[in-house]
Each structure stands twice: as structure tokens, then as C-alpha cells.
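Here is the structure we will look at.
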Amino acid sequence: MTSKFPERSLTRSSKSPRTLFNTAMTVVAFICGVLVLVPLVAVLSYVIIKGFSSLSFDVFTELPPPPLREGGGFGNAIIGTILMVGIAALMSIPFGVLAAIYLTEFSTGKVARGIRFATNVLSGVPSIIAGVFAYGIVVLGLVRLNLGSYSAVGGGFALAILMLPIIVKTTDEALQLVSQDLRQASVGLGATNFQTVTQVVLPAALPAIVTGSSLAIARASGETAPLLFTALFSQFWPSGLLKPTPSLAVLVYNFAISPFDNWQSLAWAASLVLVFMVLITSILARWATRKKA
Numbered sequence: 265m266t267s268k269f270p271e272r273s274l275t276r277s278s279k280s281p282r283t284l285f286n287t288a289m290t291v292v293a294f295i296c297g298v299l300v301l302v303p304l305v306a307v308l309s310y311v312i313i314k315g316f317s318s319l320s321f322d323v324f325t326e327l328p329p330p331p332l333r334e335g336g337g338f339g340n341a342i343i344g345t346i347l348m349v350g351i352a353a354l355m356s357i358p359f360g361v362l363a364a365i366y367l368t369e370f371s372t373g374k375v376a377r378g379i380r381f382a383t384n385v386l387s388g389v390p391s392i393i394a395g396v397f398a399y400g401i402v403v404l405g406l407v408r409l410n411l412g413s414y415s416a417v418g419g420g421f422a423l424a425i426l427m428l429p430i431i432v433k434t435t436d437e438a439l440q441l442v443s444q445d446l447r448q449a450s451v452g453l454g455a456t457n458f459q460t461v462t463q464v465v466l467p468a469a470l471p472a473i474v475t476g477s478s479l480a481i482a483r484a485s486g487e488t489a490p491l492l493f494t495a496l497f498s499q500f501w502p503s504g505l506l507k508p509t510p511s512l513a514v515l516v517y518n519f520a521i522s523p524f525d526n527w528q529s530l531a532w533a534a535s536l537v538l539v540f541m542v543l544i545t546s547i548l549a550r551w552a553t554r555k556k557a
């Protein structure tokens, strides 16, 4: 019995237009992926090559040296960076997460659109503008109250402004990705809206929220301009929240543009330490949420 349909080979032809197009697009995608990685690998490699030779135990425990004097370190800048980023995280993460919960779970359409638009605008504001704003609010406010001027609180406030829109956007998107079936199942079992959000929605979105917060911390750790207006710098160990506070980013800026070789080598070492601090933050965030993810 002969078939009404013509026989066609199921063997893939290497010369067919579809195969050639698929191969070409695969090659293009691979090239684009390599081009994306080239700047990252180049920057990391250069920082490691220039900074690793200057690393020693002393750079983590000693103060910056005078010009033309070997040795010294930037232990004060490491502590100051952790201090100000910690203050910024305490300010921005609770407010950012609560704002995103309100947007996703409780707000109306027009209000949510307005807040999301304002968040997008704030995320595009240059960091130096955030520094000027924090200078006018915190630094000048402390001067009027005779409590000081440049301080870790001012630096943390400026960094919190930069972190806030990132946390709001990532948390908002994470909550929207949680399936509506989970919410409906929770309500169907008799849970209130508050119980549904705190016990069902938030745990499901926690890995993405932590990842977004770590991204915000990574951005804040490398900011320089806001800290020049708010925390300034200090060659000594941090002595209080209302005193000028050193940071790695400002130290890299000050020492990199100096004409002294010992300061320039410390700037490269501080750059490497700053990169590894950001990397460790991301790894710890992934590790903390590995089971839920």
C-alpha cells in the first residue's frame, strides 16, 4: 500500500537554511557573551595584578602612612566603609521592603504607578546629587545643632538614598513573581491578608529580596562622590558616628590621584579589597538563601 504523502528524510541536513541560520545565531550569541565578559575580566585582572603585590597583613591593621614612607595600610577605611554601609542598610532595607510590599499587596493602580515612576526617577539620579542633598539635610543640620559636620551618619544617609530605589524595585518585582495561586490558597485556608503576606509571599520571595539588597550594598560600597560631601575622610580610626569617617572609595580616589608611589600602591590594594568585599557580600547572600532558592 503506497502512502499518499511523499517520503521525507528525518536526518538533519547541515546545508538546510534552518540549520545554517541556527548555527549563525549560535555563533553570534557566543561572540556577544564573550564581548560582555571581556570588560569584566579585563578590569578584575588588572586590579588583581596591580593590587595583589601591595597586599600584606599590615594593610588591614595599620593607618595610612605619610607620603614617601613605606608600609602602612587602610584598616580605618575598611572599618569606616563597613560602618557607613551598615548605617545605609539599616535605613534603606526596612523602608524599601515595606514600600515594595505596599506597592504589590495593598496599593491601588494609580498610586502604585506613581510610586514606581518616582522610584525609577530616583534610581537615575546621579550619585553626586544625592551627596549634595545629604549635605544640605544632614551635614548642615548637624552644624546648626552644634553636633558636628561631616560624619558617618551623613555618609550612611547619602548611601541609603542610592540604595533605596534598587531595593524597592527588586523587592517589588520579586513579590510580583510570586504566584497568585499561593495567595488564593492561603486566603482559602482562612488566613488574613497580613498573614498571607508575612507567612507565604515574603518567604517565597526572600531569595530575590536578599539578592536585590546585596546588589544595593555592592553599589553603595563603591560610591565616592556622596561621601566627599557627607563623610569626607580621616587619616585616623573612626571615633564616633558624628565625626569625619574614612572609606575605601574615598581613599582610592585620594591616593590614586596623588603623585606619591606608596599612596598609589595602597590605592590599588584598596581597590582589590573593595572588589573582594563586594564579592563576599554576594556569596554570603547566595549561601544564606540557598535552601529557599
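Position in the sequence shown (first residue = 1) + 264 = our numbering.
For every residue, glycine included, the Cβ atom is placed at its ideal position computed from N, Cα and C.
Quantities reported herein were computed from a predicted structural model and do not represent experimental measurements.
For the alpha helix (DSSP H) containing Ser320, list its first residue and its last residue.
Here Ser320 belongs to no alpha helix (DSSP H), and DSSP marks it neither H nor E.
The alpha helix (DSSP H) enclosing Pro471, as first and last residue numbers:
Note, Pro471: alpha helix (DSSP H), Leu466 to Ser485.
With distances taken Cα to Cα, identify the nearest neighbour of Ala394 among Asn526, Glu487 and Leu347.
It is Glu487.
Mark Asp436 as exposed unless 16 or more other C-beta atoms lie within 10 angstroms of its C-beta, in which case mark it buried.
In the assembly as shown, Asp436 is a buried residue. Its beta-carbon has 16 or more other beta-carbons within 10 Å.
Buried/exposed call for Ser535, threshold 16 Cβ in 10 Å:
buried
Below 8 Å, can you find three or more Cβ-Cβ pairs linking the region 499-514 to the region 428-445?
no
Tell me the rounded alpha-carbon separation between Ser309 and Glu369.
44 Å
Reduced DSSP category for Ala557 - H, G, I as helix; E, B as strand; rest coil
Note that Ala557 scores a pLDDT of 44, beneath 50, so its modelled location is shaky; the value from the coordinates is reported in the next line. Looking at Ala557 - three-state DSSP - the assignment turns out to be coil, as it is neither helix nor strand.
Taking buried to mean at least 16 other C-beta atoms within 10 Å of its own C-beta, is Leu496 buried or exposed?
Only buried fits Leu496, as 16 or more other CB atoms lie within 10 angstroms of its CB.
Taking its Cβ as the centre, do 16 or more other Cβ atoms sit within 10 Å of Pro330, making it buried, or is it exposed?
The residue is exposed, with fewer than 16 neighbouring Cβ atoms inside 10 Å.
Which residue from Val407, Gly344 and Val465 puts its Cα closest to that of Lys485?
With the sequence shown as reference, residue 485 is identified as Ser, and Lys is not the correct amino acid for it. Closest by alpha carbon: Gly344.
Beta-carbon spacing of Pro467, Asn340 below 8 Å:
no
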